[in-house]
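J.: Chains as they are written, first to last, in this note's numbering: chain A, -6 to 148; chain B, -4 to 63. Don't be surprised by glycine CBs; every beta carbon is placed ideally from N, CA and C. Predicted model, so just to flag it, every value in this text is computed and none were measured. Handing you a structure now.
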């Protein structure tokens, strides 16, 4: 069977004869993992008093990132429409590196400032570590996105 | 770093997308190089040199030093 090298929006797999559309594998894989995790969440009581509604929400929330993760792992970039052959030589790669470095500095500064302010606040007590970590992740994403867009506009 | 990439490309009647495809980079990369906002890596500069069949020093040259 000849290899299909046609470029499409979602690309084709890196492996297998005939190079199947990457989404044809990523979509069912993501949905299966999402549903499985939803069921596990419901059975372990993580989803509260309405287990199956919680399981459905759990599955929906997990399915999208897992579909995209599987797609990113299996897709052959050379079969994507408009994808550069050498992305690391492109200016987008430099924007990414600069934005990531800047975001790291921002997060370190924000975390240091936050820790300093909290030590001065009387009765700040215990803080939920999950909230702190979510805050760090949100700040990283925000800083990276803003910096990347800024670099893109300047170019 | 200044360059004559835009002029060289136009003399061949190539679009920015055509040059980007020849080099395997994004069109935005070509736009930024032509505007002098992005200095390409050495491998990319060599590829530009090969594509245009001209030595690198004919395509890129340093900014003129500021008068003291």
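Would you kindly report the start and end of the unbroken alpha helix (DSSP H) that includes residue 149 of chain A?
T.: The question about residue 149 of chain A has no answer here: the residues shown for chain A are numbered -6 through 148.
J.: Less than 6 Å between C-beta atoms, sequence neighbours within five positions excluded: which residues of the same chain meet that for residue 85 of chain A?
T.: none
J.: Is the CB of residue 24 of chain B under 8 Å away from at least one CB in chain A?
T.: Contacts with chain A at 8 Å (Cβ-Cβ) include residue 24 of chain B.
J.: Between the stretch 23 to 42 of chain B and the stretch -2 to 13 of chain B, are three or more C-beta pairs nearer than 8 Å?
T.: yes
J.: Name the residue from A:19, A:5 and A:15 whose alpha carbon lies nearest to the alpha carbon of residue 58 of chain A.
T.: A:19
J.: In chain B, which residues lie with their C-beta within 7 Å of the C-beta of residue 2 of chain A?
T.: Neighbours of residue 2 of chain A on chain B: none; closest Cβ ~17 Å, over 7 Å.
J.: Who are the near neighbours of residue 80 of chain A in its chain, counting only those whose CB is closer than 7 Å to its CB and skipping five residues on each side?
T.: 86
J.: Considering only DSSP beta bridges, list what residue 6 of chain A is partnered with.
T.: Beta-bridge partners of residue 6 of chain A (DSSP): A:68.
J.: Can you tell me whether residue 54 of chain A is buried or exposed? The criterion is at least 16 other CB atoms within 10 Å of its CB, across all chains shown.
T.: exposed
J.: What first and last residue would you give for the alpha helix (DSSP H) that runs through residue 37 of chain B?
T.: 37 to 47
J.: Using a Cβ cut-off of 8 Å, which residues of the stretch 77 to 90 of chain A contact any Cβ in chain B, in chain order?
T.: 77, 78, 79, 80, 82, 83, 84, 85 and 87
J.: Please confirm whether residue 20 of chain B has its beta-carbon closer than 8 Å to some beta-carbon of chain A.
T.: yes
J.: Output the distance between the C-alpha atoms of residue 40 of chain A and residue 24 of chain A, rounded to the nearest integer angstrom.
T.: Near 18 Å, if we compare the C-alpha coordinates of residue 24 of chain A and residue 40 of chain A.
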